[in-house]
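> Let me begin by handing over the structure; questions about it come next.
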Amino acid sequence: MKSNLLTLASLAGLTNAALRFGCSSLVIQRLDPVVQPGSIPSAHIHQIVGGNAFNATMEGDVGSRATCTTCSFSEDFSNYWTAVLYFRARNGSYHRVPQYPNAVAHDGQIGGMTIYYTQESFTSNGNQKITAFKPGFRMLVGNAANDKKDGTTVGLRYTCLQTILTRGFETAEFPKEPCPAGIMAIQHFPACWDGKNLDSPDHMSHMYNTGKGGFRVADPCPASHPVRMPQVAYETMWNTTMFNDKSLWPEDGSQPFVWSTGDGTGYSAHGDYLFGWKDDSLQRAMDSDCFFRDCGANRGGPLLVQSPEEQNACLVQQTVVDQIEGWIDELPGWSEKRR
Ligand SMILES: *[C@@H]1O[C@H](CO)[C@@H](O)[C@H](O)[C@H]1NC(C)=O
Ligand SMILES: *[C@@H]1O[C@H](CO)[C@@H](O)[C@H](O)[C@H]1NC(C)=O
Ligand SMILES: *[C@@H]1O[C@H](CO)[C@@H](O)[C@H](O)[C@H]1NC(C)=O
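Here it is, written out as structure tokens:
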């Protein structure tokens, strides 16, 4: 069976690449070049990883402009970002929840996220060519204004980590009880493209989601969005440990974590993606048979790699200066929003 599949794949010139890699933190700040380009500040604060061309406005070929990246594949100058998780104390003060790198893709990165580019599944492309994104491409998944279960996207979930290796047991809302090793936030993007637009007014309708959540096999792309692109997913490990004492939680027993949008349900989860792989590096990887770490040139794969020290050394200064460490009286941008 396996050899039949391999023969079929090689006949069609198709391959089964899957990328999974860690990116350390680039900057935490109130900018959003996808949803609010040019807005300084944006409505809420984000945690951002990837290339150092990150800015309030990002047009054109980012991969040719950036000079360093926090991702382990050093040709990946894309930017990846999500909202920031906060703990809300009984006295109403907020504290940012620290991030830690994914235990299974971790070499010493600081904070950040784990990024996936898969095909139909980890082991198959579903017999379809996977077309890499193009310079200027961007997309959004999720809705920062959503606070109701109804509109929840299937690929946006949380895992209450019993240990740093817990996987599965996904919920659409924030876990209701303290999670011993923190909360993993998971965002799966759509992977079907209309073949024409690098962006769309809502940053979503040029893409179509046939995914079923998790890393389950997606349905075929529809005629309106026929081009199968890499299935991008983010995992962020939020270390809630220092806030897990229930005597710190609200008296009514509700859970105390909020996104930087102000949402305490978890339904406002969203992720932003701005493509920035250098030249044809992503297509090269997607056209290979490489799997996870073996995609690195140090293991015979098609992609250049850098050390965790080099990843951690790539940083961007805050354009919008907000207090990141310690207790704050309100979420960044909150008073401006209410005004
Ligand atoms: C962001 O854009 C501003 C204004 O164009 C520029 O001064 C700044 O150097 C840019 N920052 C980065 C990190 O490219
Ligand atoms: C609010 O509560 C937190 C946690 O108990 C505490 O560390 C912080 O100092 C308090 N802030 C104020 C302004 O009282
Ligand atoms: C989470 O934070 C605690 C301290 O608050 C620390 O002891 C622990 O090592 C952190 N966990 C990870 C996986 O970094």
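Mature numbering (1 follows the signal peptide of the UniProt record, and there is no 0) puts the sequence shown at residues -17 to -1, 1 to 322. Glycine included, each C-beta is placed from N, C-alpha and C at the ideal position.
#1: Taking its Cβ as the centre, do 16 or more other Cβ atoms sit within 10 Å of residue 244, making it buried, or is it exposed?
#2: Can you have a look at residue 180 and say buried or exposed, based on whether 16 or more other CB atoms are within 10 angstroms of its CB?
#3: Going by the CB atoms, is the gap between residue 200 and residue 109 shorter than 9 Å?
#4: For residue 232, which residues in the same chain have their Cβ closer than 6 Å to its Cβ, ignoring the five residues on either side in sequence?
#5: According to DSSP, is residue 144 helix, strand or coil?
#6: Under 8 Å: does the beta carbon of residue 72 sit that close to some heavy atom of ligand 2?
#7: Looking only at its own chain, which residues have a Cβ that is under 6 Å from the Cβ of residue 49, when we skip the five neighbours before and after it?
#8: Using the C-alpha atoms, what's the distance from residue 285 back to residue 250?
#9: Whose C-beta lies closer than 7 Å to the C-beta of residue 17 among residues of the same chain, with five residues either side of it excluded?
#10: Indicate whether residue 301 and residue 11 have their beta-carbon atoms separated by less than 9 Å.
#11: Which whole runs of the alpha helix (DSSP H) in the region 42 to 90 are 4 residues long or more, in chain order?
#12: Shorter than 8 Å, the distance from the beta carbon of residue 314 to the closest heavy atom of ligand 2, or not?
#13: What does DSSP give as the partner residues of residue 1 in its beta bridges?
#14: Is it buried or exposed for residue 4, if we count other Cβ within 10 angstroms and need 16 for buried?
#15: Examine ligand 3 and report whether any of its heavy atoms sits within less than 8 Å of the Cβ of residue 81.
#16: Do the region 273 to 282 and the region 72 to 80 meet, that is, are 3 or more Cβ pairs less than 8 Å apart?
On the basis of the data shown:
#1: Position 261 of the sequence shown, counted from the start, is the residue given in the question as residue 244. Buried, by the Cβ-count rule.
#2: Position 197 of the sequence shown, counted from the first residue, corresponds to residue 180. Exposed is the call here.
#3: Counting from 1 along the sequence shown, the entry for residue 109 is found at position 126. Counting from 1 along the sequence shown, the entry for residue 200 is found at position 217. Taking 9 Å as the Cβ cut-off, residue 109 and residue 200 qualify as a contacting pair.
#4: For the purposes of this step, residue 232 is identified with residue 249 of the sequence shown, where counting begins at 1. Excluding positions up to five away in sequence, the list reads 239.
#5: Counting from one through the sequence shown, the residue named residue 144 turns up at place 161. Reduced to three states, the DSSP call for residue 144 is coil.
#6: Residue mapping note: residue 72 aligns to position 89 of the sequence shown, counting from 1. With a cutoff of 8 Å, residue 72 counts as near ligand 2, since its C-beta is closer than that to a heavy atom of the ligand.
#7: As a position in the sequence shown, residue 49 is number 66, starting the count at 1. Here the set comprises 34, 35, 36, 60.
#8: Here residue 250 is taken as the residue at index 267 of the sequence shown, counted from 1. Here residue 285 is taken as the residue at index 302 of the sequence shown, counted from 1. Taking the straight line from one Cα to the other gives about 38 Å.
#9: Stepping through the sequence shown from its first residue, residue 17 is reached at position 34. 121, 123, 186, 255, 257, listed in sequence order.
#10: Within the sequence shown, numbered from 1, the residue matching residue 301 stands at position 318. Within the sequence shown, numbered from 1, the residue matching residue 11 stands at position 28. Yes, the pair counts as a contact, with Cβ atoms nearer than the cut-off.
#11: If only complete runs of 4 or more residues are kept, the region 42 to 90 shows the alpha helix (DSSP H) at 45 to 48, in order along the chain.
#12: The residue labelled residue 314 in the question sits at position 331 within the sequence shown. Distances taken from the Cβ of residue 314 to the heavy atoms of ligand 2 include none shorter than 8 Å.
#13: In the sequence shown, the residue the question calls residue 1 occupies position 18. For residue 1, which the question treats as bridged, DSSP gives the partners 274.
#14: As a first step, residue 4 is located in the sequence shown; it is residue number 21 there, counting from the start. By the 10 Å Cβ count, residue 4 comes out buried.
#15: Stepping through the sequence shown from its first residue, residue 81 is reached at position 98. Checking every heavy atom of ligand 3 against the Cβ of residue 81, one is found closer than 8 Å.
#16: Pairwise C-beta distances place the region 273 to 282 out of contact with the region 72 to 80, as fewer than three of them are shorter than 8 Å.
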